[in-house]
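Heads up: the structure comes next, in structure tokens.
Residue numbers (my numbering): 40 to 176.
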């Protein structure tokens, strides 16, 4: 359990931090993306209590990824190009691509927002994979 809960919670914390930092930076660089978040009827308002799930989700995901890492870490060997945690993170990120395609195809969001979300998940995945690999060898 110690190989799952603590690393998973720390991974969740890292994912929240990455999301906040990238949103602030890219929001300043591309203001049209921040305007999209204000589109009425597309997203719930931040005052809605259900929006608190946005802060819980990374911790649940972190614990799930820590659990998966614990069972699959022997499948990820160090290669000349990538350490095991990076390969794990890339593997998880690739699994999110169909969801990004569906989001872009189903919701009235821009390609820029979809790419921002995908880039954020990529960075979160790489850092989470590296963190889990270091904490649970």
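Yeah, the Cβ is synthetic: ideal placement off N, Cα and C, and Gly gets one too.
These numbers were taken from a predicted model, which means no experiment stands behind them.
Under DSSP, the alpha helix (DSSP H) around residue i begins and ends at which residues?
i	result
residue 173	150-174
residue 90	Run containing residue 90: none; DSSP gives neither H nor E here.
residue 113	Residue 113 -> no alpha helix (DSSP H), and no H or E assigned at all.
residue 69	Counting along the chain, residue 69 falls outside any alpha helix (DSSP H), and DSSP gives it neither H nor E.
residue 137	123-145
So, for residue i: in the same chain, excluding its five sequence neighbours on each side, which residues have a beta-carbon less than 7 Å away from its beta-carbon?
i	result
residue 82	76
residue 139	153, 156 and 157
Since residue i contacts residue j with CB under 8 Å, what's their CB separation in whole angstroms?
i	j	result
residue 164	residue 126	Residue 164 to residue 126, Cβ: 11 Å. No contact.
residue 54	residue 92	Actually they are not in contact, since the Cβ atoms of residue 54 and residue 92 sit about 14 Å apart, beyond 8 Å.
Looking only at C-alpha atoms, which of the options sits nearest to residue i?
i	options	result
residue 176	109, 57 and 55	109
residue 112	52, 132 and 171	171
residue 169	116, 141 and 69	116
residue 160	45, 51 and 120	51
Under 8 Å Cβ to Cβ from residue i, same chain only, skipping five residues before and after it: list those, please.
i	result
residue 42	105, 109, 174 and 175
Only counting the same chain, and skipping five residues up and downstream in sequence, which positions put a Cβ closer than 6 Å to that of residue i?
i	result
residue 73	66
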